[in-house]
Every structure is written in structure tokens, then in C-alpha cells.
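S.K.:
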Amino acid sequence: MPTVNFIDKFGVESQIDCEVGGSLMTAAKRAGIKGIEAECGGTLSCATCHVYVDDARGMIPPASSSEDEMLEVVVAERKPESRLACQIAITDSLDGMVVRIPESQF
Amino acid sequence: MMNAMRNVVIIGAGHAGFSLANALVESSFGGRIVLVNGEDHLPYQRPPLSKKYMSDGKHEDLFFQPKEFFETGNIVLVPDSIIAIERDSQTVIAKSGERISYDVLVLATGTSAIRISIPGDDGDVAYLDILNAAIGLRRRLSNVRRVAVIGAGFIGMEFAAGAIAKSISVSIVDNASRPMERSVSQGVSMHFRDELVKAGTTFYFQDSAVSIRRSNGKIESVGLKSGAEVPADLVLSGVGTKPNVELALQAGLLCSNGVVVDERLVTSDPNIFAIGDCAAFPTADGKSHRRITSVQNASDQARYLARRLLGRDKNPYRKIPWFWSDQGPNKLQIAGLPSDAHSFVTRRSDVGKKFSTFGYREGRLVSVESVNRPGDHALARKILEQGVSPDPGKVGLADFDLRSFFEMASSCRETGVQALNA
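Same order as they appear, the protein sequences are chains A and B. This note's numbering applies: residue -10 is where the first sequence begins, and numbers increase by one. This note's numbering applies: residue 2 is where the second sequence begins, and numbers increase by one.
(1) Pull up the distance between the alpha-carbon of Ala134 (chain B) and that of Ile25 (chain A), whole angstroms please.
(2) Which of helix, strand or coil does DSSP assign to Asp314 (chain B)?
(3) What three-state label does DSSP hand Thr32 (chain A) in the structure shown?
(4) Taking just the CA atoms, how far does Glu196 (chain B) sit from Thr203 (chain B)?
(5) Per the DSSP calculation, Gln328 (chain B) is bridged to which residue(s)?
(6) Can you pull the chain A residues whose beta carbon is under 7 Å from the beta carbon of Ser300 (chain B), in chain order?
(7) In chain order, what residues of the same chain have a beta carbon less than 6 Å from the beta carbon of Cys29 (chain A), not counting five sequence neighbours either side?
(8) Give the interface partners of Glu69 (chain B) over in chain A, defined as CB-CB distance under 9 Å, in chain order.
(9) Rounded C-beta distance between Ile117 (chain B) and Ile151 (chain B)? I'm assuming under 8 Å.
(10) Mark Glu72 (chain B) as exposed unless 16 or more other C-beta atoms lie within 10 angstroms of its C-beta, in which case mark it buried.
(11) Should Arg139 (chain B) be flagged as near chain A, meaning a C-beta pair shorter than 8 Å?
(12) In three-state DSSP terms, what is Asn422 (chain B)?
(13) Out of B:Val267, B:Val105, B:Ala127, state which residue places its alpha-carbon closest to the alpha-carbon of Ala114 (chain B).
(14) If the cut-off is 8 Å on Cβ atoms, which residues from the segment 79 to 97 of chain B count as contacting chain A, listed in chain order?
(15) If you follow the alpha helix (DSSP H) that Ile156 (chain B) is part of, which residue opens it and which one closes it?
(16) Where does Leu142 (chain B) sit, in a helix, a strand or coil, going by DSSP?
(17) Need the endpoints of the beta strand (DSSP E) that Phe345 (chain B) sits in, please.
(18) For Ser186 (chain B) and Val369 (chain B), I'd like the C-alpha separation in whole angstroms.
(19) Give me the Cα-Cα distance between Ser209 (chain B) and Leu403 (chain B), rounded to the nearest whole angstrom.
(20) Give the DSSP bridge partners of Thr112 (chain B), in chain order.
(21) List the residues of chain A whose Cβ lies closer than 9 Å to the Cβ of Gly376 (chain B), in chain order.
(22) Return helix, strand or coil for Asp62 (chain B), following the three-state DSSP convention.
(23) Would you mind sorting Asn422 (chain B) into buried or exposed? The rule is 16 or more other CB atoms within 10 Å of its CB.
(24) Among the residues of its own chain, which have a CB less than 6 Å from the CB of Leu73 (chain A), if the five just before and after it don't count?
(25) Can you have a look at Gln109 (chain B) and say buried or exposed, based on whether 16 or more other CB atoms are within 10 angstroms of its CB?
(26) Grab the span of the alpha helix (DSSP H) containing Phe407 (chain B) for me, first residue to last.
(27) Identify, in the order they occur along the chain, each residue of the same chain with its Cβ nearer than 7 Å to the Cβ of Pro180 (chain B), setting aside the five sequence neighbours on each side.
(28) Give me the Cα-Cα distance between Phe30 (chain B) and Ser300 (chain B), rounded to the nearest whole angstrom.
(29) Within 8 Å (strictly less), CB to CB, does Gln66 (chain B) reach chain A?
(30) What is the rounded straight-line gap between the Cα of Val58 (chain A) and the Cα of Trp325 (chain B)?
(31) Mapping DSSP to helix, strand and coil, what is Ala200 (chain B)?
(32) Taking only beta-carbon positions, decide if Leu106 (chain B) is within less than 8 Å of chain A.
(33) Give me the chain B residues within the contact set of Thr32 (chain A), using Cβ-Cβ distance strictly less than 9 Å, ordered along the chain.
(34) For a contact defined as C-beta to C-beta under 9 Å, what are the partners of Phe95 (chain A) on chain B?
(35) For Val296 (chain B), which residues in chain A fall below 8 Å Cβ to Cβ?
(36) Beta-carbon separation of Met48 (chain A) and Leu83 (chain A) under 8 Å?
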């Protein structure tokens, strides 16, 4: 089970063991990580599960064109490391990944 | 009133009720929050019931937050239903007899599926509005080859697309002449109709179900007004929803197609608010009231109300509605309300599988429906929020660039240049 480090907007870190197979969004929500809304339930419709993946180093595939387009409406600053957590599948290669949660989702 | 607000009682734990509790906790509200759930589950999301849940059956993915979230947030979850509101004593009464007092009461009671009455229905016509119904329906689907869907609205269309993916043959019956008639433009309707027809669905438009025929007790077919007979092992009804206003009515609150609220979401009692699918709020021109049943509306009204209760928002509630529907491989995203538009212009790319339809009223953009074009949808939300409007004569042209339009329109707004019909 890969461990992902979430850092919330106050800088508080949580290390979460994520079940392989789901998405980073569902893993975060199940673990009670705050600041990821995912209002559409992970269907690439709302852009409220915005996260910053600092140094993905090939851990995750790049954003699809649809994800890239939806990142357009994120409320916090869009950065090169911006991703939608619902589009990141949990695999063993995510172990040690650092995910920062933005200031706001709406 | 706001200073005396120690006890907030929220009836209903769907997107509206949950989002309000969540927003209050996140804003460090120090009082007590009672969230009346009414169902034997943790608060959960309803939109996936007809979409993702039907395909994967993972009901644990539907919960907004785990149990600990409510405990640490000081949110009292009441797994009971409320049977009465006593406005004089500011108390609600649960079915169990428990009396819960409030300083502020919020009705987030949502909607229920309209029940149909057809001769031959032995109580086994399926509905898809709450988790228990979805669990039961999903279980039944494993023994079903043919489904008749009554109602070609969002629920019926989404369910049909999911059933087809399970190799179930689907027939859809509707009084209207095209799917999702009240909510989307003609071209969008036709696209989704054609997609389901290609996948093998039979539509019966301008027709209605008049009987259910059985053999040895089991559903065999649905008889239609036109005389057609639709073979089916299971009947799903998705003919629409009605707002849950019984409590409000019984408490003497003003209701008219929903619980009537003002532009600050206050009902006819200043200590009672209504948000989400059940709330009828004033239109921007103030001439009428409307109810919007969507996640966006529920969540935005919830967050607005949290800010307002905490004294952080004095403005009226105003948001551009947006909406989505997933039907098999096709994604529909809507910004604004197509039902407000009088004329439509469509931009196409590829071979018709991706397009956006721009709705205009008196020359101004009021809605954008995007089919498999999330980029257009994202820009449309920003464009409508800014109140700028691309020229309807140009928006459909192949060389029109929506992004350049938006960037130019917003920079003109910022610099105060009078805009602008790009």
C-alpha cells in the first residue's frame, strides 16, 4: 500500500496509506483529509479536488486533455504542478508522493 | 439574531445540508450543529446513484466524509426523520418523539421521485432517488435482460446508458417529443437520443405507459397509450421529482413549487432558511421564483448561508448555475439555464461527437451546453460569471476562439474599456 503525504493549507502533514485501485481523491476523502471537495464525485465535472503534486518524477501519468481543460476553472492559483485528485489512480509508484492542498476549492 | 445563534439544526443531509454543516465547521463556527439525516447511512452523494454507482456498486465511495469527521466537527447526526416544526418554541420533533431546539433552522429537505400509478404495478416499479432504492435496483439488475424506463429525463437517460453497458436492452417512454426536453436544447437532446439509439435503445416519444402486464406474477411488458407493447422484466420510473415541502407547509411557511425564500434564502419565518433542491428563490429580475435541482446550487447556497449566518456576507445570493450529466461515454456539462434561451448557436468540432451549444436571449448569452468539450464548459462558466457575451453571429464560426474572446473581454473589463462584442 503506497503512502502519500498530504499537506493541508495550514501546512499540517498527514501520511495516508492509500489502497491501490481507487483514486487519490477517494483515498483522501476516506482518510478525512480536509480541503478536497470533489463535488461531482470524481467525474471530471467540478474541478473542486484541485491539488498540487510537487514533484511527480514520473510517479503519475500527465494530465489528460480533459483534465487539463477543467483545471482552467480551479479557484486557487493554477500552477504547473496543479492536478485534479480524482484523475490520479493509486498505484504502488505513488509511494512517498507529496500532495499539497490549495487554499480554496470554490 | 446572528449573535444568539448557538444551535443550528439542518433537516436533510444531501449536498445542501452536508455542505452547510461542513462550511460551518470549516469556518470555526463554535455552536452546535444538528444534522438530521433521515436515512440509515452516513450522509452521501445522490448524483452518482444513476451514474457511477450503477456501474461499480461501490456505495462506500458515496459518503461525503467518514464517521469521525462528524464526531470531531461537533456535528450531531440524527438518523431519524422530523415530523413537525414548532415555530413558537423553536423546536423540531423527531419521529422518535425527541424534541430538538434550534436558534436557526435550515430546511435542506431536497426532492422525492414522483410516484406513478399504473394498473398492474404490484409495488415493484423501481425508483432511483435514495441509496436504499439504488442498492435494491442494482441487485435486481443482475437478473434482468430487458428494462422499460418511464421518463427520458436525466435519471432515465443516465440509467439507460448504464444498463446498456451491462448488455441489458432498454426501452424509454416519455410524453415529451425528445429527451431531457425541459432542461436542454433540441440539438443536445437529439445527440443523446441518437447515441442511445445507436446503442440499441428504443424510444417511444409522445406516448405513455398505461398498464403493466405480468405472467406468473413477473413483469412481462408495459402497455402504452399508443397500443404498443414494450417487453420488460423491470420497470424504472424517472418521471420527475417534487420538492419535499410537507414539513414547511405543516409549519405554515410560504410554499409554492418549493419552500419560498427571499434573495437571502430566508423563508417566511426569519429563523428558518431553505437551501438546495427544495428552495424556491427569486430570479435575478425579481419577477418570479425558481427552484434549481443541482449539486452546484445546493453547495453554493449552503456556503452562502454559512457565510451569512456568520455575518460574513451581506449580499444577496447570486450564482451562475452549472450542471453535468454522464451518459455512457458522453459527458454533458451545462453552464447557465438553456430553458432561459430563445435561440441557439452550435459550435462543432470532430465528427459531431464534441460540440457546444450557446443559448441567447435578447442577444445576450445565457447558457452553454457542452458535449464532450470540458474546455468550453470551463470557459463558459467564467464568461457567464463576468457577464460578457460573444456575438451570436460569430460564436459558431470555425475560426472563433472562445479563449481569446474571454481573455480580451476580461482585460477590457479590468481596464474599464466599454466592451464588447468580439
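Ideal Cβ placement from N, Cα and C applies to all residues, glycine included. Since the structure is predicted, the reported quantities are computational estimates derived from the model, not experimental observations.
M.R.: With the given structure in hand:
(1) Between Ala134 (chain B) and Ile25 (chain A), the C-alpha separation is close to 28 Å.
(2) coil
(3) coil
(4) 11 Å
(5) B:Asn331
(6) Glu28
(7) Cys35
(8) Per Cβ cutoff of 9 Å: Gly21.
(9) The pair is a contact, with the Cβ atoms about 7 Å apart (cut-off 8 Å).
(10) exposed
(11) no
(12) A caution first: Asn422 (chain B) carries a pLDDT of 46, below 50, which makes its placement in the model too unreliable to give a value.
(13) B:Ala127
(14) none
(15) 155 to 166 is the extent of the alpha helix (DSSP H) around Ile156 (chain B).
(16) helix
(17) 344 to 350
(18) 10 Å
(19) 42 Å
(20) Looking at the DSSP assignment, Thr112 (chain B) forms a beta bridge with B:Pro244.
(21) Ser54, Ser55, Asp57, Glu58, Met59, Glu61
(22) helix
(23) Here Asn422 (chain B) scores only 46 on pLDDT, less than 50, and its place in the model is too uncertain to base an answer on.
(24) In its chain, beyond the 5 residues on either side, Cys38, Glu56 have a beta carbon closer than 6 Å to the beta carbon of Leu73 (chain A).
(25) The question names Gln, but residue 109 (chain B) is Ala in the sequence shown. Buried, because 16 or more other Cβ atoms sit within 10 Å of the Cβ of Ala109 (chain B).
(26) 403 to 416
(27) Ala153, Met158, Ser190, Phe193, Arg194
(28) 18 Å
(29) yes
(30) In the sequence as presented, Val is not what sits at residue 58 (chain A); that position holds Glu. Roughly 15 Å between the two C-alpha positions.
(31) coil
(32) No - not a single Cβ of chain A is within 8 Å of the one on Leu106 (chain B).
(33) Pro48, Pro49, Lys52, Lys53, Trp325, Asp327, Lys332
(34) Neighbours of Phe95 (chain A) in chain B, taken as residues at a C-beta separation under 9 Å, are given in chain order as Ser300, Asp301, Arg304.
(35) Residues of chain A passing the Cβ test: Glu28, Cys29, Cys35.
(36) yes
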